[in-house]
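Novice: Structure below; questions to follow.
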Amino acid sequence: MDGPGERTVRMSVLCLLCLSLFPSFSLGRVVGKDEAGFAECNVFFPGRVPPEGFTEPFHVKICQQYNGEPRFATLYSTKDKIPLYSAFKYTGAARSEADESWLLEPQIDDPENDQHEMVIEADVVGSLANLGANQALTSDYVGSGYERGLLNPSLLNEEDFQTATYTLTNAVPLRPSLSKTWHSDIGRVVEQALIPHCSKKDQLYLLAGAIPSSVRVKGKVSVPETLWLAACCDAPEGWSLGLVKKVSDESSLADLTVGELEKQLLAGLDLFKGNCGEDNDSNEKMEAILQAVSQIRSGEQVGTNDKEEAKDSGLVRKVVGIIATPFIKLLELLIYLLVELVKFMFYFLWLVIKRVGSTLLDGVYSLWNGTVSYLKAISMVLISIPYDVGRVITNIFLGFLGIIQDVAVITYRILRIPMGFVLHLASFPYYSICAIPSVVKDMATGIGGTFSLAIDATASILHGFYYVASHIAKRFVPKGSSGD
């Protein structure tokens, strides 16, 4: 059987899974400078007019939404990395603690980001530019001794309003004991002192805020020096009230007028337009409210001064609690099983949808690729046909022009030839044939002359030799011998 710790971890994981599957459920957007007030979140201010006087450039207005509906408004300081105030209405006491699924606003760190909604911090780590540059992160609280104290407490909200409070833009660093005391005090004040004395409960407007100090958690997130609450009952015989708790004194809880609170916060500040009942001459309700606040501050039970009656009432509640505890536990078990079953069904349905969707997307993607490739090939062929036809026609035309050019050149050259040359050229065969006998005769004459010349040359040579020989003989042979 799973232990409480494992069960809590599993529920947290399932909750985070559901948020990641349905991100549009958790919304929150930075209000543009061109929008009036807090846009659709102006409903959380009397007369739809937000406080006037917070004009620093590092103040960012956030309309906190959940399931497509505005839940509360927050003015956030990117310099101190904490909210200066959250404006909300009392929707009812929380029936149980909600699962803490902490979110952050991506557009505070990256104004160019296109995510106009709250996201889980782990989902944007490494992908969001300048993460943590202008707002606090969960890592800033880990090991610091401080916890994320909600300005708009979850215990004063129910259902979707309660879930929407778990955002880092609604949290300030508080010591665990102070966080518990502050939430307990303002919870009792609202439920026991304010709500009973506002004739129209939906017209009770609440501002919960913090005054930053120079003390920083890990040198980054400002620790408040003062926590405050301003209430306005914007109804007939309305009233307004301020409460202040010094962080240095957890037991302190001072009540004061809204005007006095405004002077403590900021010069020229106007929390509620039209003073919201401060000029009301009737002090009966205010006296009753202040008496209830005083009883809460002193730890007394509001509405009675009889301690014995309170003790008896407490005993009865204990007995009823002991009797009802088994049934409550059984009911909690049944609710837990039902929630787990619903979560499992959602998870199973998501896996089926994811698998079917993935298969369909793969098929559509393949079909799309095939279609695109086929159309691309056809387009290339269709585009190449006119190109090829044009190229053939161009080549034919160029060939025809070449033929015409060659004919023109030949014609031109023919026309440039002289007529006498043409006649001589035409008569060349006739003269050539007629000249053959004369040529043969001349050749024969030449050959005969050549032979005659050769014979004469030979005779001359022999005669020369003979002459030389006879001359020599005459010179060297004695003359006497010729007489003998």
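Residue numbers (mature numbering (1 follows the signal peptide of the UniProt record, and there is no 0)): -28 to -1, 1 to 456.
The C-beta atom is built at its ideal place from N, Cα and C for all residues, glycine as well.
1. Which partner residues of D157 appear in the DSSP bridge assignment?
2. Can you give the beta carbon distance from G25 to K245, rounded, assuming they're within the 8 Å contact cut?
3. When you compare only the Cα positions, how much space is there between A441 and L434?
4. Which of the three DSSP states is assigned to G420 in this structure?
5. Please report the residue range of the alpha helix (DSSP H) in which P78 lies.
6. Quick check on I389: does DSSP put it in helix, strand or coil?
7. Just the C-alpha distance for L262 and E209, rounded to the nearest angstrom, thanks.
8. Is it right to say I365 is buried, meaning 16 or more other beta carbons lie within 10 angstroms of its own, or is it exposed?
9. R447 to T430, Cα distance in whole Å?
10. For G246, does the three-state DSSP call read helix, strand or coil?
11. Only counting the same chain, and skipping five residues up and downstream in sequence, which positions put a Cβ closer than 8 Å to that of F437?
12. Would you check whether the ligand NAP has a heavy atom nearer than 7 Å to the C-beta of L313?
13. Drop a sphere of 10 angstroms on the beta-carbon of D278, count the other beta-carbons inside from all chains shown, and report buried for 16 or more, exposed for fewer.
14. Please tell me whether T198 has its Cβ less than 8 Å away from any Cβ of chain D.
15. Note down, one range per segment and in chain order, each beta strand (DSSP E) of at least 3 residues found wholly within the region 13 to 94.
16. Taking the alpha carbon of I158 as the reference point, which residue from P145, V193, W200 and G117 has its own alpha carbon closest?
17. Is it buried or exposed for D206, if we count other Cβ within 10 angstroms and need 16 for buried?
18. Starting from T198, follow its DSSP beta bridges and name the residues at the other end.
19. Would F133 and T50 be called neighbours here (beta carbons separated by less than 8 Å)?
20. Does the Cβ of D81 have 16 or more other Cβ atoms within 10 Å, making it buried, or fewer, making it exposed?
21. Between the region 157 to 175 and the region 86 to 104, do three or more beta carbon pairs fall short of 8 Å?
22. Give the straight-line distance between the Cα atoms of S(-3) and G191, rounded to the nearest whole angstrom.
23. For the structure I just gave you, are there three or more beta carbon pairs, one from the region 136 to 153 and one from the region 30 to 45, closer than 8 Å?
24. Using the Cβ count rule (16 or more neighbours within 10 Å means buried), how would you classify A445?
25. Counting along the chain, where does the alpha helix (DSSP H) carrying V144 start and finish?
26. Could you tell me the alpha carbon to alpha carbon distance between I268 and F316, rounded to whole angstroms?
27. Roughly how many angstroms separate the alpha carbons of G455 and Y439, rounded to a whole number?
28. If you draw a straight line from the alpha carbon of V324 to that of L332, how long is it in whole angstroms?
29. Considering only the alpha carbon of each residue, which of A8, P55 and S73 lies closest to H31?
30. Where do the N-terminal and C-terminal ends of the beta strand (DSSP E) with E119 fall, by residue?
31. By alpha-carbon positions, which one of Y346, V97, H443 and E119 ends up nearest to V195?
32. Using a 10 Å radius around the Cβ and a threshold of 16 neighbouring Cβ atoms, would you call D227 buried or exposed?
33. What is the rounded straight-line gap between the Cα of F372 and the Cα of P390?
34. V193 and P145: beta carbons closer than 8 Å?
35. With a Cβ-Cβ cutoff of 8 Å, do K217 and W154 count as a contact?
Specialist: The structure says:
1. D157 is not bridged to any residue.
2. Taking the Cβ atoms as the reference, G25 lies roughly 12 Å from K245, outside the contact range of under 8 Å.
3. 11 Å
4. helix
5. P78 to D81
6. coil
7. Roughly 16 Å separates the two Cα atoms.
8. exposed
9. 26 Å
10. The answer is coil: DSSP assigns G246 none of H, G, I, E or B.
11. none
12. Summarising the ligand content, the structure contains no ligands, and the ligand NAP is consequently not present.
13. Because the pLDDT at D278 is just 42, under 50, the model does not fix this residue reliably, and the value given afterwards should be weighed accordingly. When all chains shown are included, D278 counts as exposed.
14. Of the protein chains in this structure there is only one, and it is not chain D.
15. 31 to 38, 41 to 49 and 54 to 61
16. Looking at the Cα atoms, W200 is the closest of the given residues.
17. With 16 or more other CB atoms across the displayed protein chains lying within 10 angstroms of its CB, D206 is buried.
18. I183 and K218
19. no
20. Per the 10 Å Cβ criterion, buried.
21. no
22. Only weak support is given to the placement of S(-3): the predicted model assigns it a pLDDT of 48, under 50, and the value that follows is read from those uncertain coordinates. Approximately 30 Å between the Cα atoms of the pair.
23. Contact between the region 136 to 153 and the region 30 to 45 is present: three or more C-beta pairs spanning the two stretches fall below 8 Å.
24. exposed
25. Segment A143 to L146 is the beta strand (DSSP E) holding V144; no alpha helix (DSSP H) there.
26. 44 Å
27. Here the model assigns G455 a pLDDT of 48, short of 50, so the residue's position is not dependable and the matter cannot be decided.
28. 12 Å
29. Among A8, P55 and S73, the Cα nearest to that of H31 belongs to P55.
30. Run containing E119: E119 to L122, per the beta strand (DSSP E) assignment.
31. E119
32. Only buried fits D227, as 16 or more other CB atoms lie within 10 angstroms of its CB.
33. 30 Å
34. yes
35. yes
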